[in-house]
Amino acid sequence: MPDIPKSSKIGKNVVIENDVKIGENVFIGHNTIILNGTEIGDNVVIGFNCVLGIQPIGNQRMRKISKNHNQLVLKNNTRIGNLVSIYSGTLVAKNVFIGDHASIRENVIIEEGTVIGRGAIVELNSKIGKKCTIQTLAYVTGDTIIEDNVFIGPCVSMSNDKYMGAEDYSLKGPYIKKKAKIGNNASLLPAITIGENAIIGAGSVVTKDLKDNQVVVGSPAKDIKS
Amino acid sequence: MPDIPKSSKIGKNVVIENDVKIGENVFIGHNTIILNGTEIGDNVVIGFNCVLGIQPIGNQRMRKISKNHNQLVLKNNTRIGNLVSIYSGTLVAKNVFIGDHASIRENVIIEEGTVIGRGAIVELNSKIGKKCTIQTLAYVTGDTIIEDNVFIGPCVSMSNDKYMGAEDYSLKGPYIKKKAKIGNNASLLPAITIGENAIIGAGSVVTKDLKDNQVVVGSPAKDIKS
Amino acid sequence: MPDIPKSSKIGKNVVIENDVKIGENVFIGHNTIILNGTEIGDNVVIGFNCVLGIQPIGNQRMRKISKNHNQLVLKNNTRIGNLVSIYSGTLVAKNVFIGDHASIRENVIIEEGTVIGRGAIVELNSKIGKKCTIQTLAYVTGDTIIEDNVFIGPCVSMSNDKYMGAEDYSLKGPYIKKKAKIGNNASLLPAITIGENAIIGAGSVVTKDLKDNQVVVGSPAKDIKS
Chain A
1100 MPDIPKSSKI
1110 GKNVVIENDV
1120 KIGENVFIGH
1130 NTIILNGTEI
1140 GDNVVIGFNC
1150 VLGIQPIGNQ
1160 RMRKISKNHN
1170 QLVLKNNTRI
1180 GNLVSIYSGT
1190 LVAKNVFIGD
1200 HASIRENVII
1210 EEGTVIGRGA
1220 IVELNSKIGK
1230 KCTIQTLAYV
1240 TGDTIIEDNV
1250 FIGPCVSMSN
1260 DKYMGAEDYS
1270 LKGPYIKKKA
1280 KIGNNASLLP
1290 AITIGENAII
1300 GAGSVVTKDL
1310 KDNQVVVGSP
1320 AKDIKS
Chain B
1100 MPDIPKSSKI
1110 GKNVVIENDV
1120 KIGENVFIGH
1130 NTIILNGTEI
1140 GDNVVIGFNC
1150 VLGIQPIGNQ
1160 RMRKISKNHN
1170 QLVLKNNTRI
1180 GNLVSIYSGT
1190 LVAKNVFIGD
1200 HASIRENVII
1210 EEGTVIGRGA
1220 IVELNSKIGK
1230 KCTIQTLAYV
1240 TGDTIIEDNV
1250 FIGPCVSMSN
1260 DKYMGAEDYS
1270 LKGPYIKKKA
1280 KIGNNASLLP
1290 AITIGENAII
1300 GAGSVVTKDL
1310 KDNQVVVGSP
1320 AKDIKS
Chain C
1100 MPDIPKSSKI
1110 GKNVVIENDV
1120 KIGENVFIGH
1130 NTIILNGTEI
1140 GDNVVIGFNC
1150 VLGIQPIGNQ
1160 RMRKISKNHN
1170 QLVLKNNTRI
1180 GNLVSIYSGT
1190 LVAKNVFIGD
1200 HASIRENVII
1210 EEGTVIGRGA
1220 IVELNSKIGK
1230 KCTIQTLAYV
1240 TGDTIIEDNV
1250 FIGPCVSMSN
1260 DKYMGAEDYS
1270 LKGPYIKKKA
1280 KIGNNASLLP
1290 AITIGENAII
1300 GAGSVVTKDL
1310 KDNQVVVGSP
1320 AKDIKS
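Protein chains in written order, with my numbering: chain A, 1100 to 1325; chain B, 1100 to 1325; chain C, 1100 to 1325.
Structure (structure tokens):
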């Protein structure tokens, strides 16, 4: 175990590997595991039964794993729920909230004040801006860019693979611009751009780029007639 | 640890905080955590790696948390799967089954004999009636009312936020009446009412209230032509 | 604890019940639980906070549970993520990868080289062929057959219950033939057959059998016009 400040409170059966830094006033719940390379800021709250700082593994049918994912950083005042997994090589900025059962992969950046809902999954190489809301069970695929103040409703689904496994190296997630709002259970196709302030209705299937301020619904999603 | 009846069986590495009551013939699986304020009835089975009795936390962008969520009550014969999280301030009635990886928030009531599928999430302030089936990966949003004998298919998605984060205090989930049946992966918009015995086809997007016995499919959902 | 080969590495707070077999060069992460009847091959990697070898339970409203699910077998080179649950009575073949937070039920067969994404759920009595990709948060319902080289996109939803709980014993999942590709968040109705090489667009709702090589999109899914 590393040095732990007296102001921090560590639960029972917690495993903290040697190469971990822990700030002041940190709370770590029972049975949580903090793996080598994790750096935890001040006033961070981590729930029960979490696994933080996971090194990526794969099998021979999955993409090659870069070896540079050395560190998970949780900045001050971050709050992590229960039964959460977060990989090494990821940065979680100040005041971020990550809900129970969520999973965040390697090489991800989550900026200040963003909320990641319970059961939500953020895949590798994605970047989520400031003050975004990614709701419960939403799926942020790999190689996605989400700008600031975006709202992603519950159960929204994204994809980054145009050829559905049939060709190599064609992976590209959506690019979602500032203040866009995506209704619950909408589906986004790979590599589309969603413009600023665009609004997508619940359950819509978005197959093409959307302009700034465009409002669409349906399957496939079309402009709302006014 | 509190007093535990001899008839109850507690696994290894289990953490039971002091202010917990445990009935007769209870089974608690290895590595499970029972937090202060939890009351467990007789013949309750709790799986492995669960976290029960969680106090709500949030961040400054989420809604205020009431401080009155003091107790999680699991009534007799309740069965809880593995890797499940349940919050304090919630009542789980007799003979309820909660599947693996499910998450139940604070201030929820789940009535007698209901089944909550694995990976399903029930958000705060919701009430689920008797003998309902909430299938795998279904999402019951906050402030939802579900009457008795309702069937919610797998991956059904609900929402309670008409303005998708743009305005405060407009949260209202759906109101689903007795014996309604909702097909897999259907999407429900906020604040709609689903009438008694109504049937919603798989993948439908329900944008308006449904009357009793109405049968709808499609995006947006419309009456089936006979 | 059973005999563990010196070449295998077991984390802290790991619970391994007596009737477990562990091969050479196995890694088992901290806080993971291996229950009676589990057989682990050589070079298997199991992450943190997992529960493997679970005996099925249910309540009186769920289907009867067969008592023959005695063994979980993980063949050589299998890799299991973190916070994963797998039931007894299931066979995971060589070189399979199972992502974090996934759940695999009893009486399931997963064949060689298949990838099961994080948060994906595979229900009981299902069979998944060789070199399939079942992506993140996909839901494989009970009584499903998936042949070799199938691609199931993220958040795909299946159902096996035509009558949505209203009648007994009508459960039958889809039958998905070789090399079919299913786009993200598509919905499949119960008991449909998807032909070889068929392609289903993202967000589609598939209500009828598809022939070999058929390409469909929409709600309900129809042939793409060329």
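No residue lacks a Cβ here, since even glycine has one placed at the ideal position from N, Cα and C.
Can you have a look at residue i and say buried or exposed, based on whether 16 or more other CB atoms are within 10 angstroms of its CB?
i         : result
B:ILE1323 : exposed
C:ASN1326 : Since the displayed chain C opens at 1100 and closes at 1325, residue 1326 of chain C lies outside it and no answer follows.
A:TYR1238 : buried
B:TYR1262 : exposed
C:MET1100 : exposed
C:PRO1253 : buried
C:LYS1310 : exposed
B:GLU1123 : exposed
B:ASP1260 : buried
B:ASP1242 : buried
B:SER1318 : buried
A:ASN1169 : exposed
A:PRO1104 : exposed
C:SER1106 : exposed
Could you tell me whether any Cβ in chain A is nearer than 8 Å to the Cβ of residue i?
i         : result
C:VAL1305 : no
C:VAL1144 : yes
B:SER1318 : yes
C:THR1189 : no
C:THR1137 : no
Could you name the residues of chain C that residue i contacts, counting a contact when the two beta carbons are closer than 8 Å?
i         : result
B:LEU1236 : ILE1220, LEU1236, TYR1238 and SER1256
A:ASN1112 : ASN1112 and ASN1130
Could you spell out where the beta strand (DSSP E) holding residue i opens and where it closes?
i         : result
B:LEU1171 : 1171 to 1173
B:ILE1139 : 1137 to 1139
A:VAL1191 : 1189 to 1191
A:LEU1151 : 1150 to 1153
B:TYR1186 : 1184 to 1186
A:VAL1207 : It is not in any beta strand (DSSP E) - A:VAL1207 carries neither H nor E in the DSSP assignment.
B:VAL1316 : 1314 to 1316
Which chain A residues sit within Cβ distance under 7 Å of residue i?
i         : result
B:ASN1148 : ASN1148
When the cut-off is 8 Å and only beta carbons count, does residue i lie next to chain B?
i         : result
A:LEU1151 : no
Closer than 7 Å to a non-hydrogen atom of the ligand GTP - does that hold for the CB of residue i?
i         : result
C:LYS1174 : With respect to small molecules bound, the structure shown includes none, and the ligand GTP cannot be examined in it.
Who are the neighbours of residue i on chain B, taking C-beta pairs under 7 Å?
i         : result
C:SER1286 : ASN1283, ASN1284, ALA1301 and GLY1302
A:ASP1199 : SER1184 and SER1202
Residue i touches chain B at which residues, Cβ-Cβ below 9 Å?
i         : result
A:GLY1294 : Those do not exist, as A:GLY1294 stays about 16 Å from chain B at its closest Cβ, beyond 9 Å.
Report the neighbours of residue i on chain A: residues whose CB is nearer than 9 Å to its CB, in chain order.
i         : result
C:ASN1181 : ILE1132, VAL1150, ILE1153, SER1184 and SER1202
C:THR1243 : Near C:THR1243 there are no residues of chain A at all, since even the closest Cβ is about 19 Å away, more than 9 Å.
Residues of chain C with a CB under 7 Å from the CB of residue i: which are they?
i         : result
B:PRO1273 : Going along chain C, no residue has its Cβ under 7 Å from B:PRO1273, so there is no contact; the nearest lies around 17 Å.
Less than 8 Å between CB atoms is the rule here; does residue i satisfy it with respect to chain C?
i         : result
B:GLY1252 : yes
B:LYS1108 : no
Under 9 Å Cβ-Cβ, which residues of chain C neighbour residue i?
i         : result
B:GLY1264 : In chain order: nothing, as chain C lies at least about 21 Å away.
A:ILE1156 : VAL1144, GLY1146, ARG1178, GLY1180 and PHE1196
So which residues of chain A does residue i contact, with C-beta pairs closer than 8 Å?
i         : result
C:LYS1280 : MET1263, GLY1264 and ALA1265
Taking 8 Å as the CB-CB cut-off, is residue i touching chain F?
i         : result
B:SER1318 : Given the protein chain composition of this structure (A, B and C), no chain F is represented.
Pairing CB atoms from the region 1304 to 1311 of chain B with CB atoms from the region 1279 to 1291 of chain B, are three or more of them under 8 Å? They touch, by the three-pair rule.
Any contact between the region 1268 to 1277 of chain B and the region 1240 to 1257 of chain B? By contact I mean 3 or more CB pairs, one from each, below 8 Å. Contact between the region 1268 to 1277 of chain B and the region 1240 to 1257 of chain B is present, because at least three Cβ pairs lie under 8 Å.
Would you check if the region 1204 to 1211 of chain C and the region 1198 to 1213 of chain A touch, i.e. whether three or more CB-CB distances between them fall below 8 Å? In this structure the region 1198 to 1213 of chain A does not touch the region 1204 to 1211 of chain C; the number of beta carbon pairs closer than 8 Å is below three.
State whether the region 1132 to 1145 of chain A contacts the region 1104 to 1117 of chain A, with contact taken as three or more CB pairs (one from each stretch) at a distance under 8 Å. At 8 Å Cβ cutoff, the stretches touch.
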